[in-house]
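Reviewing the structure listed below.
2 protein chains.
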Amino acid sequence: MDQQQTPLYDRLVLHAGKKPVSLHVPGHKYGLLFSGEERSFFRDIARIDATELSGLDDLHEPEGVIKEAETLLAGAYGAEKSFFLVNGSTVGNLAMILGAVNEGDTVFVQRNCHKSVLNGLQLAKARPVFLGPEIDKTWGVAGGVSLQTVEEAFARYPYCRAMIFTYPNYYGMVYELHEIIEFAHDREIPVLIDEAHGAHFSAGGMFPRSALELGADAVVQSAHKTLPAMTMGSYLHVNERYRFYERLKHYLTLLQSSSPSYPIMASLDLARFYLAQIDRDFINMIIESFLEFETKLMKIEEIRLINNDSNLFLRDPLKLIVQSALGISGFQLQQALETHAIYPELADELNVLFVLPLAPIKNSETIVQTLARIFAKAINGTRRQIDENIVFDVSKPYSTLACSYQEMMNMSQVSVPFHRAVGEVSAEAVIPYPP
Amino acid sequence: MDQQQTPLYDRLVLHAGKKPVSLHVPGHKYGLLFSGEERSFFRDIARIDATELSGLDDLHEPEGVIKEAETLLAGAYGAEKSFFLVNGSTVGNLAMILGAVNEGDTVFVQRNCHKSVLNGLQLAKARPVFLGPEIDKTWGVAGGVSLQTVEEAFARYPYCRAMIFTYPNYYGMVYELHEIIEFAHDREIPVLIDEAHGAHFSAGGMFPRSALELGADAVVQSAHKTLPAMTMGSYLHVNERYRFYERLKHYLTLLQSSSPSYPIMASLDLARFYLAQIDRDFINMIIESFLEFETKLMKIEEIRLINNDSNLFLRDPLKLIVQSALGISGFQLQQALETHAIYPELADELNVLFVLPLAPIKNSETIVQTLARIFAKAINGTRRQIDENIVFDVSKPYSTLACSYQEMMNMSQVSVPFHRAVGEVSAEAVIPYPP
Numbered sequence: 001m002d003q004q005q006t007p008l009y010d011r012l013v014l015h016a017g018k019k020p021v022s023l024h025v026p027g028h029k030y031g032l033l034f035s036g037e038e039r040s041f042f043r044d045i046a047r048i049d050a051t052e053l054s055g056l057d058d059l060h061e062p063e064g065v066i067k068e069a070e071t072l073l074a075g076a077y078g079a080e081k082s083f084f085l086v087n088g089s090t091v092g093n094l095a096m097i098l099g100a101v102n103e104g105d106t107v108f109v110q111r112n113c114h115k116s117v118l119n120g121l122q123l124a125k126a127r128p129v130f131l132g133p134e135i136d137k138t139w140g141v142a143g144g145v146s147l148q149t150v151e152e153a154f155a156r157y158p159y160c161r162a163m164i165f166t167y168p169n170y171y172g173m174v175y176e177l178h179e180i181i182e183f184a185h186d187r188e189i190p191v192l193i194d195e196a197h198g199a200h201f202s203a204g205g206m207f208p209r210s211a212l213e214l215g216a217d218a219v220v221q222s223a224h225k226t227l228p229a230m231t232m233g234s235y236l237h238v239n240e241r242y243r244f245y246e247r248l249k250h251y252l253t254l255l256q257s258s259s260p261s262y263p264i265m266a267s268l269d270l271a272r273f274y275l276a277q278i279d280r281d282f283i284n285m286i287i288e289s290f291l292e293f294e295t296k297l298m299k300i301e302e303i304r305l306i307n308n309d310s311n312l313f314l315r316d317p318l319k320l321i322v323q324s325a326l327g328i329s330g331f332q333l334q335q336a337l338e339t340h341a342i343y344p345e346l347a348d349e350l351n352v353l354f355v356l357p358l359a360p361i362k363n364s365e366t367i368v369q370t371l372a373r374i375f376a377k378a379i380n381g382t383r384r385q386i387d388e389n390i391v392f393d394v395s396k397p398y399s400t401l402a403c404s405y406q407e408m409m410n411m412s413q414v415s416v417p418f419h420r421a422v423g424e425v426s427a428e429a430v431i432p433y434p435p
Numbered sequence: 001m002d003q004q005q006t007p008l009y010d011r012l013v014l015h016a017g018k019k020p021v022s023l024h025v026p027g028h029k030y031g032l033l034f035s036g037e038e039r040s041f042f043r044d045i046a047r048i049d050a051t052e053l054s055g056l057d058d059l060h061e062p063e064g065v066i067k068e069a070e071t072l073l074a075g076a077y078g079a080e081k082s083f084f085l086v087n088g089s090t091v092g093n094l095a096m097i098l099g100a101v102n103e104g105d106t107v108f109v110q111r112n113c114h115k116s117v118l119n120g121l122q123l124a125k126a127r128p129v130f131l132g133p134e135i136d137k138t139w140g141v142a143g144g145v146s147l148q149t150v151e152e153a154f155a156r157y158p159y160c161r162a163m164i165f166t167y168p169n170y171y172g173m174v175y176e177l178h179e180i181i182e183f184a185h186d187r188e189i190p191v192l193i194d195e196a197h198g199a200h201f202s203a204g205g206m207f208p209r210s211a212l213e214l215g216a217d218a219v220v221q222s223a224h225k226t227l228p229a230m231t232m233g234s235y236l237h238v239n240e241r242y243r244f245y246e247r248l249k250h251y252l253t254l255l256q257s258s259s260p261s262y263p264i265m266a267s268l269d270l271a272r273f274y275l276a277q278i279d280r281d282f283i284n285m286i287i288e289s290f291l292e293f294e295t296k297l298m299k300i301e302e303i304r305l306i307n308n309d310s311n312l313f314l315r316d317p318l319k320l321i322v323q324s325a326l327g328i329s330g331f332q333l334q335q336a337l338e339t340h341a342i343y344p345e346l347a348d349e350l351n352v353l354f355v356l357p358l359a360p361i362k363n364s365e366t367i368v369q370t371l372a373r374i375f376a377k378a379i380n381g382t383r384r385q386i387d388e389n390i391v392f393d394v395s396k397p398y399s400t401l402a403c404s405y406q407e408m409m410n411m412s413q414v415s416v417p418f419h420r421a422v423g424e425v426s427a428e429a430v431i432p433y434p435p
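Protein chains in written order, with this note's numbering: chain A, 1 to 435; chain B, 1 to 435.
So this is what it looks like as C-alpha cells:
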C-alpha cells in the first residue's frame, strides 16, 4: 500500500464535507453546541469528532479505513501487525504484558520502568525480577540494563518467561538492546519493549535503531510524544514472534473506550504519514538546524550541553540536556525559562531536558536569547546545593518483590516517616511524575 | 464555588495566550508540525493539547485547576466526589466495579448491560447473577430490571455483595430504580449504575430523575454522549455511601493514560458549565422545539413515533424512536437517511433511534422533508420481513455463569455452527456493537 495515503483521515474529511446532520452521539453535534469563545478551539476538530457510523469502521473490530490505516502503520514500521491506541502507551504496556504473561510467571523487568509496566505486572500477577540499570555519572540519571546484568539474573532465574525493557529512557539514552534480545531469543524468551520515547527512531539517519528493528517481539510507542499526534495517541507493534495475538487483542478491547476518539485516531494516521514523508533531505535540514541551535547555545559560556560525549550511552538527538556551569539547579533553570513562556520537558537537580521537534527548529533565536538573559542575571544568584545524602543503591544488580502481589493485597498499611521506612515494604509505588 | 466558572478551560486558554515555546511533548508542538489541509482541523485544538506543565495540574493527583473543575462537577451533580474520565465510560465501569467488588463476590447484574460491565466483573473475578430485563413489546427492546426480579434473586442469593444496573438503556428507557436502590440499601448492598446515556438527566424539568438523585452509590456517565463534550470524555460520581474510594482512585490511575488529553478534560469542564447554565427558559425552548419536530414528523402518515405511550417505561426526551407504518425495516430506513447525509444513532429490525441535541433543533425542516421524500419513494418498495424465529427467552428471570471465570480460562474452545451452539458455553461475548 501507498504510504502517501491517509485512509482514516481522508474518510473523516469526506464525511465532514457532506455537512452531515447528526442524530447520534457525540452530544456536541459536530460542534454546533460549542458556543462563544470555546468555539474557536473546538469548532474545527469537532467536525471530525465522529463515532462508529457507516464507513468510519470500528477500532475494536477494524474491517475498513481503520484496518487500512493500521496496515499502512505496520508497513511503515516493518511490523507483522500494528494497532492504534487511544489510551496512551499506558494501555499498550498493560495489554502487551497481560497478553504475554501468565499468573506466577517469572518476568525480568528494568527497575526504572514506567509505572504502567509495574501495573501490568501486578494485574497479570507475575513474579517480577527487577534488573538494576546502569547509572550515568555525567547525566546523573539511570539508563538501560547491561547484558551482564541480564546474564547474571538468568543464571539465578533460568525459568524467566518474559523480559520487559524501556528503550530509550526519558532522556533519550539507548543501550546494547540488540545483544540482550539475542540472548533472550536464544532461550525462546519473548522481549517486550516500552519504546514510548522512540516512535520516531524508524526515521533512520541520525536516530538510534528502533527496538522493532533490533528484533523485539512487541513494542509500544507514544506517537504523541515525538510525532505530530494528539496526546493519548500511541502505537503498538508486534512481529511474527509474538505468540499472544488473540489475548493482546482481547485486552486492548477490554481496556480501551468502546467510543474511541476519531480525532486521536486520525492524528495517528497523519503521524504515520508524517514519518513516511521524512527523507534524507529533510533529516539533513533537521540536523543542520539542531547543530546551529547547539552551536548558539554553546556560545553562552554558563551553559553545559550534554551530548554524545558519554561513553556509556548513545543519545536521541531530539532530546537535549542542558546543565548550568554556574551551579544553578535544573529546577531553578526551568522556573526561569517558564517565566519567559519557554517550557522544558522536565528538570531534575542537575539537568533541564528539552524535547526538540521532529522538524527544523523555528524559534531557536528566542530560546537562545532568553537563556543568555537568564544566565546574565543569575551570575550573582543562587548556586545549586546538591543533597549529598542522595545515593543510588547500585550494589544489587537484581532483586525481587519482598512479597507476592497476592500477599501484598492482604497486608496492613502503616504510615511511617521517610527516614524510618528503610527495611519496610512500600504500600504504594513512590514515583515522581513526570518521572 | 461558582458554576459559571471553568477553571481548567480558562487556565488552558491563558496558557495558549502566552504563545508558549514548547520544548516538551506532545510532538506536534502546539500544532506547528501539522501542515497543509490537516492544519484546518487540528490547528486550534492543538493550541490547548498541552501536558502536565506548571499550573496545568495532574489528572491523577489533582491539586490545582483540575481539582477545582472536579469540585465544581461534584457540586453540579450533588455528588460527594466526582472524577473526569478520559477513557470513556468503559474505564469508569471497570474502576467502579474493581473498586467495590472482591474476588468471589456474588454480584447482581442486569443481563443487557454494556460489555465493559461484564469485563469489569471478569477482571474482578466476581460471581455474577444475571437479572433478566423486562421486554417492551411496542419497542421490541429489553428495558430495565423489575423490583420483583431483584427480590426473587435476592431470596435465592442473599449473600449478594453489590448490584449493577444500566439506567437508562440505549433507547432512553428508565424504570423503578428508586425502589430497587431502597431494597439494596436496606440490606447494606451498594448499587453501581452505568448511566452512560443519562449525563443530562440532572438538568431536571422534562428529564427523568438521575441515578445519583435516586441514591445510587456510584454512577458513570458518558458526558460525550448527550452533553457537548469530546468523545471519550466521561464523568464518574460517588456519594458518601461509596466506601471504596481509595481502590477506585487506584484503578482509575492504573487504567487511564498517564498522559491524559487536555482537550478532552477541558471539554468536560465546559460540558459541566453548559449543564449548569440550563435554566427553565432554555428547557422550555428545547421542549417547544422537540414538540414542533415531533408534530411535523407525525404529519408524515407513514411514520410511527414511539413516545411515552408505553405503560412499562418512561422515556428520555432526547431519544426519539421512529418506526415505519409501511413495513420498512429500521435498517432500510437508516440506509435511506444516510444517503441524504442524515445519520441516526442506530437501527434495529423495527426502529430507528435519533439522539436529539440538548438544545433547540435547528435543522428540523431538512430532516422532516428528507423523511417525507424517503417514504414517498418507498410506498411501493420493500416491506419489512420480521424473522419470526427470533424469540427472547424471558422464562428465567435470573441466571448465573455456566462456570466461573477461573474455570473458563482453562477450558478449550471449539467453533460450532450457530444452530449447534444451543447448550454450549460461549467462549466470547457475542455483542453487536453499537448495541
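For glycine and all other residues, C-beta sits at the position ideal for the given N, C-alpha and C. Please read all numbers here as calculations on a predicted model, not as lab measurements.
With DSSP as the reference, identify every bridge partner of proline 344 of chain B, one or two as the case may be.
Bridge partners of proline 344 of chain B: A:Leu23.
Secondary structure at leucine 8 of chain A, three-state DSSP: helix, strand or coil?
Of the three classes helix, strand and coil, the one that applies to leucine 8 of chain A here is helix, per DSSP.
Apart from the five residues on each side of it in sequence, which residues of its chain come closer than 6 Å, Cβ to Cβ, to alanine 16 of chain A?
So the list reads Arg47, Ile48, once near-sequence residues are dropped.
Using a beta-carbon distance below 8 Å, is glycine 88 of chain A in contact with chain B?
Yes, because at least one Cβ of chain B sits closer than 8 Å to the Cβ of glycine 88 of chain A.
One question on the structure: do phenylalanine 207 of chain A and isoleucine 303 of chain A come within less than 8 Å of each other, judged by their Cβ atoms?
Not in contact: phenylalanine 207 of chain A and isoleucine 303 of chain A (Cβ atoms no closer than 8 Å).
Does DSSP put histidine 114 of chain A in a helix, a strand or coil?
DSSP places histidine 114 of chain A in coil when its eight states are reduced to three.
Taking only the alpha-carbon atoms, compute the straight-line gap between tyrosine 235 of chain A and phenylalanine 293 of chain B and give it to the nearest angstrom.
Their backbone Cα atoms lie some 44 Å apart in a straight line.
On the DSSP bridge list, what partners appear for leucine 353 of chain A?
A:Ile321, A:Leu346.
So which residues of chain A does leucine 438 of chain B contact, with C-beta pairs closer than 7 Å?
Given that chain B is displayed from residue 1 to residue 435, the structure contains no residue 438 of chain B and the question cannot be resolved.
Please give me, in chain order, every unbroken run of the beta strand (DSSP E) with length at least 3 that falls completely inside the segment 221 to 287 of chain B.
Whole beta strand (DSSP E) segments, 3+ residues: 234 to 238.
Flag this pair as yes or no: are the beta carbons of valine 220 of chain B and leucine 212 of chain B separated by less than 8 Å?
No; because the gap between Cβ atoms is not below 8 Å, this pair is not in contact.
Starting from asparagine 363 of chain A, find everything on chain B with Cβ-Cβ shorter than 7 Å and list it in chain order.
The contacting residues are Val21.
So, does the segment 153 to 162 of chain B touch the segment 120 to 131 of chain B, judging by three or more C-beta pairs under 8 Å?
These segments touch.
Give me the residue from A:Val352, A:Phe290, A:Leu333, A:Leu353 with the minimum Cα distance to isoleucine 361 of chain A.
Closest option to isoleucine 361 of chain A, Cα to Cα, is A:Phe290.
Closer than 9 Å between beta carbons: that is the criterion. Which residues of the segment 215 to 241 of chain A meet it against chain B?
Taking 9 Å as the Cβ-Cβ cut-off against chain B, the residues of the segment 215 to 241 of chain A that qualify are Ser222, Ala223, His224, Lys225, Thr226, Leu227, Pro228, Ala229, Met230, Thr231, Met232, Gly233, Ser234.
Might you give, ordered along the chain, the residues of its own chain that have their beta carbon closer than 6 Å to the beta carbon of serine 399 of chain B, omitting 5 neighbours on each side?
Excluding positions up to five away in sequence, the list reads Phe130.
Residues in the same chain with beta-carbon distance under 7 Å from leucine 227 of chain B, minus the five sequence neighbours each way, listed in chain order, please.
Hits under 7 Å: Ala199, His200, Ala271, Tyr274, Leu275, Leu358.
Output yes if chain B places a C-beta closer than 8 Å to the C-beta of proline 208 of chain A; else output no.
It does not; no Cβ of chain B falls within 8 Å.
Determine which residues share a DSSP beta bridge with phenylalanine 130 of chain B and list them.
DSSP, once it has assigned bridges, lists B:Val109, B:Ser399 as partnering phenylalanine 130 of chain B.
Spell out whether any CB of chain B is found under 8 Å from the CB atom of tyrosine 245 of chain A.
No, no contact with chain B.
So, do the segment 144 to 159 of chain A and the segment 53 to 60 of chain A have three or more beta carbon pairs nearer to each other than 8 Å?
Flag = no, the segment 144 to 159 of chain A and the segment 53 to 60 of chain A do not touch.
Let me know if asparagine 311 of chain B comes out buried or exposed under the rule of 16 or more other beta-carbons within 10 Å of its beta-carbon.
Its pLDDT being 45, under 50, asparagine 311 of chain B is placed unreliably in this model, and the value from its coordinates should be taken loosely. With fewer than 16 Cβ atoms within 10 Å of its Cβ, asparagine 311 of chain B is classed as exposed.
According to the Cβ coordinates, are serine 258 of chain A and histidine 60 of chain A closer than 8 Å?
Going by C-beta atoms, serine 258 of chain A is nearer than 8 Å to histidine 60 of chain A.
Which residues does DSSP pair with isoleucine 135 of chain A in a beta bridge?
Paired residues: A:Ala142.
Tell me the DSSP bridge mates of isoleucine 180 of chain A?
Answer is none; isoleucine 180 of chain A lacks a bridge partner.
Taking its Cβ as the centre, do 16 or more other Cβ atoms sit within 10 Å of methionine 298 of chain A, making it buried, or is it exposed?
With fewer than 16 Cβ atoms within 10 Å of its Cβ, methionine 298 of chain A is classed as exposed.
Please report the distance separating the alpha-carbon of alanine 229 of chain A from that of leucine 268 of chain A.
Distance between the alpha carbons of alanine 229 of chain A and leucine 268 of chain A is about 6 Å.
Among A:Leu12, A:Phe41, A:Glu38, A:Pro7, whose alpha-carbon lies nearest the alpha-carbon of glutamate 70 of chain A?
The shortest C-alpha separation from glutamate 70 of chain A is found at A:Pro7.
Cβ of leucine 73 of chain B less than 8 Å from any chain E Cβ?
In the structure shown, chain E cannot be found, because the protein chains are A and B.
May I ask you to report which of helix, strand or coil DSSP gives aspartate 57 of chain B?
In this structure, aspartate 57 of chain B counts as coil in the three-state DSSP scheme.
What residues in the segment 116 to 138 of chain A have a beta carbon less than 7 Å from any beta carbon of chain B?
Those would be Ser116, Asn119, in chain order.
Quick one: what's arginine 315 of chain B bridged to in DSSP?
According to DSSP, which records beta bridges pairwise, arginine 315 of chain B is partnered with B:Met173.
Counting only the same chain and skipping the five closest in sequence on each side, list residues whose C-beta sits under 8 Å from that of leucine 12 of chain B.
Cβ within range, chain order: Ile48, Ala50, Leu56, Tyr262, Ala266.
Among the residues of its own chain, which have a CB less than 7 Å from the CB of methionine 96 of chain B, if the five just before and after it don't count?
Hits under 7 Å: Leu192, Ala218, Val220, Leu236, Leu248.
Threonine 90 of chain B by DSSP, collapsed to three states: which one?
Threonine 90 of chain B: helix per DSSP, three-state reduction.
Should the segment 341 to 360 of chain A be called in touch with the segment 19 to 35 of chain B, which here means at least 3 C-beta pairs below 8 Å?
Judged by Cβ distances under 8 Å, the segment 341 to 360 of chain A makes contact with the segment 19 to 35 of chain B, as three or more pairs qualify.
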